[in-house]
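Here the sequence shown stands for residues 348 to 835, numbered as in our numbering. Heads up, the beta-carbon is just placed ideally off N, CA and C, and yes, glycines get one too. Source: prediction; values computed, not measured.
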Amino acid sequence: MEDTAVPPVRSDRFARRALLAGFVGTAAAAVVVPKVTASAQAAPGPKAVAPAGGQTHDVTIYAVALPDGNFAYGYTPETASIPGPTLEMVEGDTLRLRVINRTGRVMSAHPHGVDYDIESDGSLQTGTAIPADGERTYVWRSHVGGVGADGVYTPGSAGYWHYHDHALNGSAHGTEGIRRGLYGALIVRRAGDPLPDVQNIVVINDANINNKVAPNTPTFTARQGQRVEWVVIGHGNSFHTFSLKGHRWANNRTGLISGPNDGSQVVDTRTVGPADSFGFQVIAGERVGPGRYEYHTHVALFWDRGVFGWFDVLESPAPVVTVTGIADGETYGDSLSKTVNWTVTGGAATGASSATLDGQPLANGSTLRLWTLALGQHELVVTAKGTDGDTTTTVRFSTRATFADLQALVTALPLSETTRAGLLDRVTRAAGKASSGSESGAVSLLEQFVSRVENQVRSNAEVRSVLLRDAQALIAELRALDAAEGGR
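Okay, structure coming up:
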């Protein structure tokens, strides 16, 4: 007699039995039941901000002669530059500035905007200059604003200030030192002020910027979306109007608008004269995109003579969203709990993100009890805010019920021990019947399971609903499998 091959459906049948049992794919495990946080993901904390003041900072700088005939301050003689180091304080801080003179001439360092005793004035007139090859420590203080004993408010020291030589070569007012490069920025922040990603210092010194003229003036760069701080200082004999193309700022202490009711004037050009200084922060390329933007004096005579430079805003990569805890295309047993996290990286990321699961808000780090979700496909959508548009990542996954999941849920969910024992007996025996090929026997035991749940699980509607749902889903799959094989 001719042998008859086993129908191909048999191999599929065993695979489907294994899936029903929970032996293939993502296996069920012990159930944990933490609450799912359903609030919207809040934006991460703000960018770095200035801390509280009250600290004392000891800083050493050198003053040196440069090969081109100019002079400069630097943290080391080798790194001296024009302008010199940007010195920073927070209101309430004290700066002890040790200046080591390597210029071969008398010189000094004199501050604007901060508090100091006359011994720290840094001028020839007060006898506080530094002789050639000498050194001196200047002590500059700052204070927090407040109401004085007379009831009058005294402003704090916060502002964009500067420091400069006041004595080079015996000059009574230090004009030669300023003209030849001995100057730098001095910033006093208020606690909580936002800190920049990039900082640009522009000193318009008569007919040059940082003692250079175009095309040798600085070309500043930033990536689109970075917070850029500009500090503008005037020296020499001339008044200028500093202008930055493509960007605007508020004409106030920080250059920032505090809210819709802030009446500060918004500008893109501001007058600066000798010993004047101001600063502001902008977001590079905000609403204008990457490109080359000119910064310059708007006084035509000086503009034509090279008092301008370039601010290059570079394109940033789009934000990249990485989701962990669940994977796209995966199927999970519904007795599992999954903790969903996501991270956002990329130069254009603003740090803000949000997510929805099946259209409902989901917080980063939420733990999902999969048995609380409907069986079938689900969609997680994570949106990351970028400076030039948003990035959306979608993860689609499915949940299903297996015998292993149903056993795990009966074991873990709140039930009386008598009810639990009876339900575990039925589902365990049903799993055995299904694995031996008796779909009808498994269905009969699952129907007994359903009857017991309906009669014995009454106080907890959620538990009752999920147990009935899973059992009925298994019954439907077993019947479909049995029908596909002709009732074998």
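Run of the alpha helix (DSSP H) containing R570, from where it starts to where it stops: Residue numbering aside, residue 570 sits at position 223 when the sequence shown is read from its first letter. Counted as a single uninterrupted DSSP element, the stretch harbouring R570 is not any alpha helix (DSSP H) but the beta strand (DSSP E) occupying residues T566 to R570.
Do A514 and L444 have their beta-carbon atoms positioned less than 8 angstroms apart in this structure? On the sequence shown, residue 444 is found 97 positions in, with the first residue counted as 1. On the sequence shown, residue 514 is found 167 positions in, with the first residue counted as 1. The criterion of a C-beta distance shorter than 8 angstroms is not satisfied by L444 and A514.
Candidates S467, D462 and Q546: closest to V575 by CA position: Within the sequence shown, numbered from 1, the residue matching residue 575 stands at position 228. Considering only alpha carbons, the answer is Q546.
Cβ-based burial, D497 [other Cβ within 10 Å; buried from 16]: Taking the first residue of the sequence shown as 1, we reach residue 497 at position 150. Here D497 is exposed. Its C-beta has fewer than 16 other C-beta atoms within 10 Å.
Measure the C-alpha to C-alpha separation of D415 and Q573 and round it to an integer number of angstroms. Counted from its first residue, the sequence shown places residue 415 at position 68. Counted from its first residue, the sequence shown places residue 573 at position 226. Their backbone Cα atoms lie some 35 angstroms apart in a straight line.
Inter-residue Cα distance where the pair is L771 and T741: Within the sequence shown, the letter at position 424 stands for residue 771. Within the sequence shown, the letter at position 394 stands for residue 741. Distance between the alpha carbons of L771 and T741 is about 38 angstroms.
By alpha-carbon positions, which one of T601, H643, A569 and Y500 ends up nearest to A554? For the purposes of this step, residue 554 is taken as the residue at position 207 of the sequence shown. The shortest C-alpha to C-alpha distance from A554 to any of T601, H643, A569 and Y500 is the one to H643.
Round the Cβ separation of G401 and G439 to the nearest angstrom and send it over; I've been treating them as touching at under 8 angstroms. The count along the sequence shown starts at 1 and reaches residue 401 at position 54. The count along the sequence shown starts at 1 and reaches residue 439 at position 92. The pair is a contact, with the Cβ atoms about 4 angstroms apart (cut-off 8 angstroms).
Using only the alpha-carbon positions, how far apart do T564 and S713 sit? Within the sequence shown, numbered from 1, the residue matching residue 564 stands at position 217. Within the sequence shown, numbered from 1, the residue matching residue 713 stands at position 366. If I take the Cα positions, the gap works out to 52 angstroms.
What residue from W689, V729, S684 and Q724 has the CA that sits closest to R716's CA? Mapped onto the sequence shown, residue 716 falls at position 369. In this structure, S684 is the residue among W689, V729, S684 and Q724 with its C-alpha nearest to the C-alpha of R716.
Less than 7 angstroms between C-beta atoms, sequence neighbours within five positions excluded: which residues of the same chain meet that for T690? Sequence index remark: in the sequence shown, residue 690 carries index 343 (1-based). Correct list, in chain order: T669.
Can you give the Cα-Cα distance for Y510 and P458, rounded to whole angstroms? In the sequence shown, counting from the first residue as 1, residue 510 sits at position 163. In the sequence shown, counting from the first residue as 1, residue 458 sits at position 111. So the two alpha carbons sit approximately 4 angstroms from each other.
Over the uninterrupted beta strand (DSSP E) stretch that includes V461, give me the two end residues. Taking the first residue of the sequence shown as position 1, residue 461 is located at position 114. Per DSSP, V461 lies in no beta strand (DSSP E) and is assigned neither H nor E.
In the DSSP output, what is Q819 paired with across the bridge? Here residue 819 refers to the residue found at position 472 of the sequence shown. BP columns for Q819 are empty, so no partner.
For I604, which residues of its own chain have a beta-carbon under 8 angstroms away from its beta-carbon, when the five flanking residues on both sides are left out? Here residue 604 refers to the residue found at position 257 when the sequence shown is read from its first residue. Counting only Cβ-Cβ distances below 8 angstroms, and skipping sequence neighbours, we find A597, S611 and V613.
Beta-ladder partner(s) of E641, from DSSP: In the sequence shown, the residue the question calls residue 641 occupies position 294. Beta-bridge pairing links E641 to W657.
What's the C-alpha gap between F589 and P621? Position 242 of the sequence shown, counted from the first residue, corresponds to residue 589. Position 274 of the sequence shown, counted from the first residue, corresponds to residue 621. Those two C-alpha atoms are separated by around 13 angstroms.
Are A722 and T746 touching if we call contact CB-CB under 8 angstroms? As a position in the sequence shown, residue 722 is number 375, starting the count at 1. As a position in the sequence shown, residue 746 is number 399, starting the count at 1. A small correction: the amino acid at residue 722 is Leu; Ala does not occupy that position in the sequence shown. Yes, the pair counts as a contact, with Cβ atoms nearer than the cut-off.
Boundaries of the alpha helix (DSSP H) in which R773 is found, first to last residue: Counting from 1 along the sequence shown, the entry for residue 773 is found at position 426. Per DSSP, R773 belongs to the alpha helix (DSSP H) from E764 to S782.
Start and end residues, alpha helix (DSSP H) containing N555: The residue you call residue 555 lines up with position 208 of the sequence shown. Segment: none, N555 is in no alpha helix (DSSP H) and carries neither H nor E.
Leaving out the 5 sequence neighbours to the left and right, which residues in its chain are closer than 6 angstroms to F361 when beta-carbon positions are compared? Start at 1 with the first residue of the sequence shown, and residue 361 comes out as number 14. Any reading at F361 must be qualified, since the residue scores a pLDDT of 42, below 50, and its modelled position is unreliable; the value itself is stated next. If we look at F361 and ignore the five residues flanking it on each side, it has no Cβ neighbours.
Using the Cα positions of D705 and L720, report the straight-line distance between them to the nearest angstrom. The residue labelled residue 705 in the question sits at position 358 within the sequence shown. The residue labelled residue 720 in the question sits at position 373 within the sequence shown. Near 10 angstroms, if we compare the C-alpha coordinates of L720 and D705.
Out of D480, A759 and A818, state which residue places its alpha-carbon closest to the alpha-carbon of F750. Counting from one through the sequence shown, the residue named residue 750 turns up at place 403. Comparing Cα-Cα distances from F750 to each of D480, A759 and A818, the minimum goes to A818.
Evaluate the contact criterion for the segment 760–769 versus the segment 800–812: three or more CB pairs, one atom per stretch, below 8 angstroms. Touching, yes.
Per DSSP, which one or two residues make a beta bridge with T501? Taking the first residue of the sequence shown as 1, we reach residue 501 at position 154. T501 is bridged by DSSP to G493.
I'd like to know whether the C-beta atoms of D405 and A456 end up nearer to each other than 8 angstroms. The residue labelled residue 405 in the question sits at position 58 within the sequence shown. The residue labelled residue 456 in the question sits at position 109 within the sequence shown. D405 places its beta carbon 8 angstroms or farther from that of A456.
Taking 6 angstroms as the limit between beta carbons, can you name the residues of its chain near Y500, skipping five residues before and five after? One-based indexing of the sequence shown puts residue 500 at position 153. For Y500, where only same-chain residues beyond five positions count, the Cβ hits under 6 angstroms are V494.
For V667, which residues from the same chain have a beta carbon less than 6 angstroms from its beta carbon, with the 5 sequence-adjacent residues on both sides left out? Here residue 667 refers to the residue found at position 320 of the sequence shown. Cβ within range, chain order: T692 and G693.
What does V575 pair with, by DSSP beta-bridge criteria? Indexing the sequence shown from 1 puts residue 575 at position 228. In DSSP, V575 forms a bridge with V545 and V629.
Quick one: using the 10 Å Cβ neighbour count with 16 as the cut-off for buried, is P391 buried or exposed? Here residue 391 corresponds to residue number 44 of the sequence shown, with the count starting at 1. Caution is warranted here: a pLDDT of 35 is assigned to P391, below 50, making its placement in the model unreliable, and the coordinate value is therefore given only provisionally. Under this definition P391 is an exposed residue.
If you scan the segment 700–733 from start to end, which runs of the beta strand (DSSP E) of 3 or more residues do you find wholly inside it? Taking only runs of at least 3 residues, the beta strand (DSSP E) segments lying wholly in the segment 700–733 are 713–716 and 723–733.
From the DSSP output, in three-state form, read off D737 for me. Along the sequence shown, read from residue 1 onward, the residue named residue 737 stands at position 390. Three-state result, D737: coil.
Apply the 10 Å Cβ neighbour rule to E809 and answer buried if 16 or more other Cβ atoms are within range, or exposed otherwise. What you label residue 809 is simply residue 462 of the sequence shown in a count that begins at 1. It counts as exposed.
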